[in-house]
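What follows is a set of notes on a single structure, which appears directly below.
In structure tokens form, the structure reads like this:
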């Protein structure tokens, strides 16, 4: 790939073209893990998560032509995930006996729209940070990432200095380098993935 940081708008454009299998694979590798995270947060049984995620990806592929760009792609995706999960659980609840989990409440664990949007936003932010952190880790050698992770775990500089046998200045310097790289990568990902 010539440019790792192609905009998601460009990726969407490539997905919209016919025979865009490579673009679709890239798209799916970015968004499918996030869809699975959302389904887990909705407390959907793990046996159904893969099925629903697959349904979502099929619907995206089928309906992406109807995405008009009037709203952010994330908003369109959020609605698609919520509606697909709701439809799947409603359909399955009709097939199950009344004693089973979703029989009395066919919507299962799907929250109201506002609650879902709030949960979606939190999960999106966490997902972006996780992806960004994975991308920047190879750029650092030595103890930089370890210092940053220890800081994120709530350990103070003195404890980190003692444990890793570093000076306080080194701890602050390493932590700041990783933090700045993470902030830059998060901003880059947000620009790419939030249409």
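In full-length UniProt numbering, the protein residues as written are 1 to 195. Heads up, the beta-carbon is just placed ideally off N, CA and C, and yes, glycines get one too.
- In the three-state DSSP reduction, residue 122 falls in the helix class (H, G or I).
- Of the candidates 132, 125, 117, 132 places its Cα closest to the Cα of residue 184.
- DSSP, reduced to helix, strand and coil, places residue 29 within a helical segment of the structure shown.
- Judged by beta-carbon spacing, residue 76 lies beyond the 9 Å limit of residue 86, meaning their Cβ atoms are not closer than that value.
- Residue 166 and residue 30 have their alpha carbons spaced roughly 37 Å apart.
- Assignment of residue 71 by DSSP, reduced to helix, strand and coil, places it in the coil class.
- The Cβ-Cβ distance between residue 193 and residue 74 falls below 9 Å.
- The count of Cβ pairs closer than 8 Å, one atom from the region 47 to 59 and one from the region 10 to 23, stays below three, leaving the stretches out of contact.
- If one requires a minimum length of 4 residues, the alpha helix (DSSP H) runs lying completely within the region 137 to 175 are 144 to 152, 157 to 164, in chain order.
- Under the DSSP assignment, residue 64 falls outside any alpha helix (DSSP H); it carries neither an H nor an E label.
- In this structure, the beta-carbon distance from residue 139 to residue 181 falls below 9 Å.
- If you draw a straight line from the Cα of residue 175 to the Cα of residue 149, it is about 9 Å long.
- Taking the Cα of residue 178 as reference, the smallest distance to any Cα among 189, 35, 191, 151 is reached at 151.
- Between residue 55 and residue 84, the gap from beta carbon to beta carbon is short of 9 Å.
- Taking C-beta atoms under 8 Å as the contact rule, residue 123 and residue 37 qualify, at a distance of about 6 Å.
- Counting of Cβ neighbours within 10 angstroms places residue 162 among the exposed residues, the total staying below 16.
- Under a 10 Å Cβ-count criterion, residue 126 is classified as exposed, with fewer than 16 other Cβ atoms of the shown protein chains found around its own Cβ.
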